[in-house]
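Here the sequence shown stands for residues 2 to 253, numbered as in my numbering. All residues carry an ideal CB built from backbone N, CA and C; glycine is no exception. Every value quoted in this text rests on a predicted model; they were computed, and no experiment measured them.
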Amino acid sequence: MKVLLSNDDGIYAPGLRSLYRALVDAGHEVVVVAPAAEQSGVSSALSARGPLQTRIVREDGFTGHALFGTPADCVMLGLFGIFEEDCPPDLIMSGINRGPNSGMDVLFSGTVGAAMQGALAGIPSLAVSNADFTSDSREQARMAVDLVGRMDWTTLPHDVVYNLNFPACPADKIKGLRICPHGTRWTLSRFDRRTTPDGRPYWWMTDKERLFHSPQAGPDKQLLHEGYMTLTPLKPDFNDPDALRLLAGLNG
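This is the structure we're talking about:
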């Protein structure tokens, strides 16, 4: 398969390098377009004003395009600037992210935001994240590539992001794979008000990990806490049929 690989942790992130190596070792043709620096939490943000610039990174058997932009920029440039229009990739992969992207995290995730551009273009797309912040993700990368080979991309919908998360435990302790919906519970973050040495106020988010690690935040987070891999199909469709029906009387 021809694979377009990106992430939001940046082109030097160990998770991306692990996934690159696992894909190459499995015989896939891989083109990397990844942010030149970390772009976590930017969702599907685009650089709508100004040019996009890249530089080639070659080191230790790795070659990729480092883009001075967002994860979504990377995938869009890959699809419409690097790959020939009549010869697109067979699959888009984003990750492996350092930390989970489950529950409502998916709204903010640059990892998912990158993969979402593939889904919008009708290309099979898989986002991959690892809840273990200390792992280099090499074993998880091999497991993700194995899963890619077992998924029937000819029958699966292509307008979907398949969001894969690994639990925070060694790969040989993972209990298995569970297909599940993502959680929808969310609470607003808290901020600590602080002061600079010259007396100006600033604010620092103090609890950003609280809900990320809460097993009560939804079925996918619960399963991750129990030691399972989770795979969640996400559609970029924000329509609410019930609200549309209730508001229909305002037409006129």
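| query | result |
| --- | --- |
| Cβ neighbour criterion (16 or more within 10 Å) applied to F81 | exposed |
| Separation of D147 from L127, as counted between CA atoms | 13 Å |
| Element boundaries [beta strand (DSSP E), containing K3] | 3 to 7 |
| A145: first and last residue of the uninterrupted alpha helix (DSSP H) it sits in | 139 to 151 |
| Cβ-based neighbour list, A73, same chain, cut-off 7 Å, excluding 5 preceding and 5 following | S45, A46, L47, G114, A115, Q118 |
| Buried or exposed by the 16-neighbour rule on C-beta atoms within 10 Å, applied to N240 | exposed |
| Cβ distance (whole Å) where N166 is taken to contact A142 below 8 Å | About 14 Å; that fails the 8 Å criterion. |
| Pairwise C-alpha distance: D91 and V31 | 10 Å |
| Expected contact under 8 Å - CB spacing of G104 and G184 to nearest Å | 4 Å |
| Whole-Å CB distance - D137 paired with S19, under 8 Å assumed | 6 Å |
| Inter-residue Cα distance where the pair is S130 and P89 | 24 Å |
| Exposed unless 16 or more other CB atoms sit within 10 angstroms - verdict on M77 | buried |
| Extent of the continuous beta strand (DSSP E) to which G111 belongs | G111 -> not in any beta strand (DSSP E); alpha helix (DSSP H) instead, spanning 111 to 121. |
| Integer-rounded CB distance, given that L5 should sit under 8 Å from G79 | 5 Å |
| Pairwise C-alpha distance: Y163 and P182 | 11 Å |
| Where F1 sits in the DSSP three-state scheme | This structure leaves residue 1 out entirely; the chain is present only between 2 and 253. |
| Residues near P101 in its chain [Cβ-Cβ closer than 7 Å; skip 5 each side] | S130, A132, N166, F213, L225 |
| Simplified DSSP state of S103, which is helix, strand or coil | coil |
| Nonlocal neighbours in the same chain, by C-beta distance under 7 Å from I180, ignoring five residues either side | L232 |
| Anticipated Cβ contact below 8 Å, D9 with P36, distance rounded | 7 Å |
| Residues that DSSP places opposite I93 in a beta bridge | L5, S126 |
| Beta-ladder partner(s) of P36, from DSSP | L68 |
| Residues of its chain near W204, where Cβ-Cβ distance is below 6 Å and the 5 sequence neighbours each way are ignored | F192, R194 |
| Reference I57, options L68, R50, A49, closest by Cα | L68 |
| Cβ-Cβ distance between R22 and R139 below 9 Å | yes |
| Simplified DSSP state of R59, which is helix, strand or coil | strand |
| One or two residues paired with L225 in a DSSP bridge | Partner(s): none; L225 has no beta bridge. |
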